[in-house]
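Here is the structure we will look at, set down as structure tokens.
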Amino acid sequence: MLLVIDIGNTNTSLGMFNGETLAAHWRLTTARARTIDEWGVHARNLFALADLDFRSIGAVAIASVVPPLNFTLKRMAEVYFGLTPLFVDHTLDTGVPILYQPPSDVGADRIVDAVAAIHKYGAPCIVVDFGTATTCDAINSRGEYLGGVITPGITISSDALFERAAKLPRVEIKRPQKVIGSTTVEAMQSGLYHGYVGLVDGILRKMINELDGSARVIATGGLAPLIATGSEFIETVDETLTLEGLRLVYERVASPKSKVQSPKSSA
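Quick note on the working numbering: the sequence shown kicks off at 8 and runs consecutively.
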């Protein structure tokens with residue numbers, strides 16, 4: 008079995024693959040102060056709750072955008088599973104050429120998202136990842152990673168309203184029943200939701216035009232299901248896209264004779 012770990016600034020996702028099947032997956036808070044032992048105990052407890060034997064893990068693959076945690080997770084894998092993890096970065100042969108400059112600036116999560124999106128949905132495509140930041144990544148019809156857009160996530164926007172405006176409360180991020188809010192909370196929820204949908208769709212419209220007017224749009228990340236309900240362009244929500252990408256990259260790197268499928272055209 009393969010353990011995959013996606014370390015984001017806010018959340019860390021873990022998944023267990025039995026072959027190509029995702030047997031279980033979890034989402035934790037990314038706690039930078041968490042020790043090697045705490046990570047190991049958390050992981051083993053999760054496996055036990057899912058009735059999975061940690062001793063069946065044969066490999067670990069990690070995508071991290073939090074460099075201070077890399078050593079901790081590396082040592083956790085070595086101590087608790089007796090394995091040296093594969094860390095995904097721009098130097099690996101993922102099968103997706105990176106045209107972004109410099110390639111080292113592309114986060115590991117964006118790389119594996121692109122790999123999984125091409126494999127599952129074809130190219131050209133755009134991946135919208137709703138994390139701490141919201142990223143929109145463009146892959147052309149040749150399966151090349153072009154680059155994209157980085158914008159503050161909706162939670163950051165919500166927190167900024169609460170922290171910088173003395174009379175505004177912290178609110179739940181949700182889709183309101185109507186655009187015109189009749190209370191302060193409703194007005195804020197409307198602004199956050201509809202404002203963010205407008206931001207995302209405005210960006211996607213221009214990106215699709217730059218990709219010659221044709222590209223599938225796939226969304227992932229914690230708030231993807233919420234924003235997708237109001238989006239004109241998001242076709243598919245795939246909440247485990249990043250984990251799937253980690254599996255595909257690991258299989259390509261670990262078994263060079265079993266390459267990830269070449270990009271298929273969605274046209």
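Backbone N, C-alpha and C define an ideal beta-carbon position, used for all residues, glycine too.
- About 15 Å separates the CB atoms of N52 and R34; that is not less than 8 Å, and the two are not in contact.
- If you look at G209, you'll find it in the alpha helix (DSSP H) that goes T191 to E217.
- G22 carries a strand assignment under DSSP once its states are collapsed to helix, strand and coil.
- DSSP links T142 through a beta bridge to D136 and I157.
- When DSSP states are grouped into helix, strand and coil, F240 belongs to the coil group.
- Non-local C-beta neighbours of A145 in its own chain, meaning closer than 7 Å and more than five positions away in sequence, comprise I133, L153, G154, G155, M214 and L218, ordered along the chain.
- The beta carbon of T249 sits closer than 8 Å to those of D13, S20, A70, D116, V119, D120, A123, D136 and T227, all from its chain and outside the five residues before and after it, given in chain order.
- The Cβ atoms of H126 and L255 sit closer than 7 Å to each other.
- For H32, the enclosing beta strand (DSSP E) covers residues T28 to T36.
- Counting only runs of at least 4 residues, the stretch 158–190 fully encloses the following alpha helix (DSSP H) elements, listed from N- to C-terminal order: 161–171.
- Under the three-state reduction of DSSP output, Y107 falls in the coil class, being neither helix nor strand.
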